[in-house]
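Undergrad: Have a look at this one.
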Amino acid sequence: MKRRAQAQAAGALAGRTGRRFWRALEELADAPSFRRALRAEFPNAFEGVSDTDRRDVLRVMGASLALAGLGGCTPAPAPDARPYVTQPDQTVLGRPRFYATAVTFDGYAQPVLGETHEGRPTKLEGLPEHPAVRGSADAFTQAAILDLYDPDRSRGPLHLNQPCDWAAFDTAMVENGAHLDATGGEGFRLLTGPATSPTLARQVAALLRRWPRARWHVHDPAGGDLRREATRFAFGRPLDALPRLDRCAAIVSFDDDLLGPGPRQTANARDWSAARKAFQADGEPCRLLVAEPAPTLTGAIAGERLVASADETGLLLRALAARFSEGPEPSLALTARQVEWLNAAEAALRAAPGAALVTAGPWCDPAAQALALRLTARLGGLGRTLSLVEPIQAWPDGDGSLAALVADMAAGRVDTLAILDANPAYSAPADLGFAAALRKVRLRIHAGLHADETATLCHWHAPLAHDLESWSDARAVDGRPSLIQPLVQPFYSVRARSAVLENLQGRLDANPRDLLVETWRARLGDWGDPRWNAALAAGFLDQPAGEVSASPTAAPPPSSAPRAEGLTVLVRPDPCLWDGARANNPWLQELPKPFTKLTWDNAVLVAPALAASAKLKNGDVVRLGAAGREITGPVWVVPGLHRRTVLVHTGYGRRAPRQLCDGRGFDATPLRTAASPWRLDGARLERTGRRAELASTQLNTALDGFDFVRTTSRADVAPAPPPEPPPTLYPEKVREGPQWGMAVDTDLCIGCNACVTACDAENNVAMVGKAQVAKGREMHWMRIDQYHEGPPDDPQLFNQPVPCMHCEEAPCEMGCPVNATVHSHDGLNLQVYNRCIGTRTCSSFCPYKVRRFNWFDFTGDDPPERQAARNPEVTVRDRGVMEKCTYCVQRIEKARIQAKVENRPLRDGEVRTACQQTCPTEAIVFGDVSDPDSAVSRLKAQRRNYALLEEVGTRPRTTYLARLADRERGDG
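Below, the structure written as structure tokens:
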């Protein structure tokens, strides 16, 4: 965006008396770039494509379309495996089988129901019976299936970065085990990533009994240490504080993205949705107030959002606590806007006795987090809106575990270091000097899914099995243990983590299933006991973490020391890649990030005011740093970011040659220190004069119209007479059987992207790579449009999921010259692939920009083994074919066939689209709109139901429910 356009954006709202929603600053300024994007069917569609771009596309599709040569791998079969020569009993070809299991994210179990076709896993859904997820899943869990088929995974052990066999590894481990037996484990250190596995804890306890001088360290790159330190400040000992958002009538958040990405997102979103639905139905209080320096998913749906710097959020927290006699009043003065927000927060908390929650973010000062915990306790929230439990994750060495390990390595006190499922050479704070200290260790062993930055510095690399091909266990965020069972035998020559841990001690005959049975023998008996069958069928043990009672203690006050002059840099895990461990996943790389819609890159995020003063525009490369630490990266301007705050994300800048993640984006680690890993004060921002191309989808699907998102009051939840349909010149269609439609509640949508990834997984959607996204050629069938209202420095934020509208009077059907776009008898707008000749007329006629065109043939040369990785119930599209959302027609037909077999009508809720099934807030409802008693019809009957671009007269079957406002903004 030109700097002149920024100035135009700043003044575009001056003097306006009505409401105006805008997607990007270019739209607010009515910049030429936005007008071009608005008119274009495919922005930049006819720019040339280089051979390099094509190679990049094929590399991206390697995991998304294929098993990448799995046929050449011949791992030893399990003792109870049988060849698939004859059809197994109870197996019907074409009918999927489902298994309850789990995948891990940041150490926590994400309970899932795994779908397999003839033994090949194809889809993951949230486990319906698990109380923490209740059938939902986040984007990371949906994408975990693609990690299983990652062609960049390690396929065998390495010694000095060269392929070797397991026999060589085993021999070395036996010899080293004997050496450690003689010294009692002197100098042996075990470093793991975050872990909640009871089996791992049992194994390590046994190892420490055998080698009492050994030590276990944990490296948590996402910062869980600060949470535990905060509870130690507040209650005298480290605990886990679990919010219960379904019990909250008022939530006041200080830079805490409760509904944002992370292992707790699904559980928190389900709970918040339950409270919000109670507000919709019965008027039960459900207030959410957020003060934050940068936009978050929680801030986007808050009734009151205040843009405040990191220092100001701490000041506001102390001021709020003082109003409830929890600490002294801060001496610094507040602005009028801050006082207004503070008054609203106080009123909301006082109106919710025993149902209030005050929370501070996990990356905030632990003393500030402790103050929020004590304030919640004073408001009567302990045991109601906030549960305290013993730490669910392992925390064996306390605060500073990694720093203590590095100090011992540098001093020569570490003889053998085994690193399990962690990559500290990439993710450790820069000032620790982990890589240099690691080189001083005599024997270095790494075990992980990939030969990553840490593996290249080690003598031995042992490839680990994926969660979906191994036996294990882990605890969910509520403490319930999940039993992880394999859906498929390992593709490569890999071992389970529990087996490798035994190998480190010289035990070579370890069986992961036997190790799991040993952990749970007291409760489930020996293998073959009926209790095991029941537990594996359920997928978890109903044994949540027990609440503990604790009283607030005196704690150090939050820091009020003046910060250095300059900018404040905040470092956060990436919303799509988290800490970088998933950076080889194309679904996550091409997933548009909230608020920027960037793909395949991170950026230096700055506020419009800062960009204007520094004369910066999107794509300008800057140098950012302080105190000798700096990074270089491209700028992206983000509305709603504090003007003196700069935001960067981890997860990029990986150094992994020949892997998909190699060299993408920049590494933010140099800005992190052990003492302050998430914040850098006194920073400077300098222009370099260079530019970088960034691929954002924000303007690729810009719509021409108005009133895209709406807000209203709770009174409009009541039913209303159906509106008269707009006049039409189209002939009336024959309606037979169920008439399918969808309602999307924008009051519940948090913009988490789970629906986008679920749709990709269900419908074999192709990932196309950065160069193609930059040309407007992304293939996502579902997208999340984000709108702003108000000034660029402090806008209100809105989310709007956009699938195909399935219009009753669809322009695409009239425009297609070969009748490839047709209307079904049950109301679906269908695409007949083998008729399509690629004129793209249908797309040019579509006012919603939901159609996607295959510019290249991504699948024509794939062997049958690669095709097996896809959902066999959905056609893989060819070059020159248009595609779009089908309302998951394959699921409709499956349910229809089953109902016919059972000689009954379809039941309401029996058909669930992929986006609906995974949505953690249940914002998407699908069903028969011809049945007035169906759930979707009841939603569409509310006064707040409306159609997108209603004025064009397409009569879409997909409609929206307006967002409920706590109070009106503007005069609209």
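Residue numbers (the working numbering): 113 to 1084.
No residue lacks a Cβ here, since even glycine has one placed at the ideal position from N, Cα and C.
All values reported here derive from a predicted model rather than from experimental measurement.
#1: Which residues share a DSSP beta bridge with residue 911?
#2: Ordered along the chain, which non-local residues of its own chain (more than five positions away) have a Cβ less than 8 Å from that of residue 272?
#3: On the DSSP bridge list, what partners appear for residue 983?
#4: Could you give the C-beta distance for residue 1031 and residue 248, rounded to a whole number, given that I count them as a contact under 8 Å?
#5: Rounded to a whole number of angstroms, what is the C-alpha to C-alpha distance between residue 960 and residue 880?
#6: For a quick check, are the C-beta atoms of residue 375 and residue 220 less than 9 Å apart?
#7: What do you reckon, are the CB atoms on residue 707 and residue 223 nearer than 9 Å?
#8: DSSP three-state label for residue 1033, please.
#9: Can you give me the C-alpha to C-alpha distance between residue 942 and residue 215, rounded to a whole angstrom?
#10: What ranges does the beta strand (DSSP E) occupy inside the segment 273-299, keeping only unbroken runs of at least 3 residues that lie completely in it?
#11: Tell me, please, which residues DSSP counts as bridged to residue 214.
#12: Measuring CB to CB, does residue 682 end up less than 9 Å from residue 748?
#13: Can you pull the DSSP bridge partners for residue 556?
#14: Taking only the alpha-carbon atoms, compute the straight-line gap between residue 677 and residue 997 and give it to the nearest angstrom.
#15: Which residues in the same chain have their Cβ closer than 6 Å to the Cβ of residue 509, if we skip the five residues on either side of it in sequence?
#16: Any idea what DSSP makes of residue 638, helix, strand or coil?
#17: Compute the beta-carbon to beta-carbon distance between residue 711 and residue 586, rounded to the nearest angstrom, for a pair I have assumed lies under 8 Å.
#18: Hey, residue 331 and residue 499: beta-carbon distance below 9 Å or not?
#19: Under 8 Å: do the segment 414-429 and the segment 478-487 share three or more Cβ pairs, one atom per stretch?
#20: Beta-carbon of residue 716 versus every beta-carbon of chain D: anything under 9 Å?
#21: Alpha carbon to alpha carbon, what distance is there between residue 574 and residue 847?
#22: In chain order, what residues of the same chain have a beta carbon less than 6 Å from the beta carbon of residue 181, not counting five sequence neighbours either side?
#23: Starting from residue 748, trace the beta strand (DSSP E) both ways and give me its first and last residue.
#24: Below 9 Å between beta carbons: does that hold for residue 495 and residue 659?
#25: Measure the beta-carbon distance from residue 858 to residue 999 and round it to whole angstroms, keeping in mind my assumption that it falls under 8 Å.
#26: Exposed or buried, what is residue 665 when buried is set at 16 or more other beta-carbons lying within 10 Å of its beta-carbon?
#27: If you check the beta carbons only, do residue 700 and residue 869 fall under 9 Å apart?
#28: Give every residue of the same chain whose Cβ lies closer than 6 Å to the Cβ of residue 413, excluding the five residues on either side of it in the sequence, and list them in chain order.
#29: How about residue 1069 and residue 917: are their beta carbons less than 9 Å apart?
#30: Select from 475, 384 and 593 the residue whose C-alpha is nearest the C-alpha of residue 784.
#31: Could you check what DSSP says for residue 596 in three-state terms: helix, strand or coil?
#32: DSSP on residue 825, reduced to helix/strand/coil?
#33: Specify the secondary structure class of residue 178 as computed by DSSP and reduced to three states.
#34: Could you tell me the alpha carbon to alpha carbon distance between residue 540 and residue 921, rounded to whole angstroms?
#35: Look up residue 1019 in the DSSP assignment and say whether it is helix, strand or coil.
#36: Go to residue 779, then tell me how far its alpha helix (DSSP H) extends in each direction, as first and last residue.
TA: The short version:
#1: 898
#2: 571
#3: According to DSSP, residue 983 bridges with nothing at all.
#4: 6 Å
#5: 21 Å
#6: yes
#7: no
#8: coil
#9: 35 Å
#10: none
#11: 223
#12: no
#13: 529
#14: 51 Å
#15: 329
#16: coil
#17: Not a contact, Cβ separation roughly 30 Å.
#18: no
#19: yes
#20: The question asks about chain D, but that chain is absent: this structure has only one protein chain.
#21: 60 Å
#22: Residue placement at residue 181 is poorly supported in this model, since its pLDDT is 37, which falls under 50; the coordinates still yield a value, given next. Same-chain partners within the cutoff: there are none.
#23: 741-749
#24: yes
#25: Actually they are not in contact, since the Cβ atoms of residue 858 and residue 999 sit about 19 Å apart, beyond 8 Å.
#26: exposed
#27: yes
#28: 862
#29: yes
#30: 475
#31: strand
#32: coil
#33: Note that residue 178 scores a pLDDT of 43, beneath 50, so its modelled location is shaky and nothing firm can be said.
#34: 56 Å
#35: coil
#36: Element bounds for residue 779: n/a, residue is neither H nor E.
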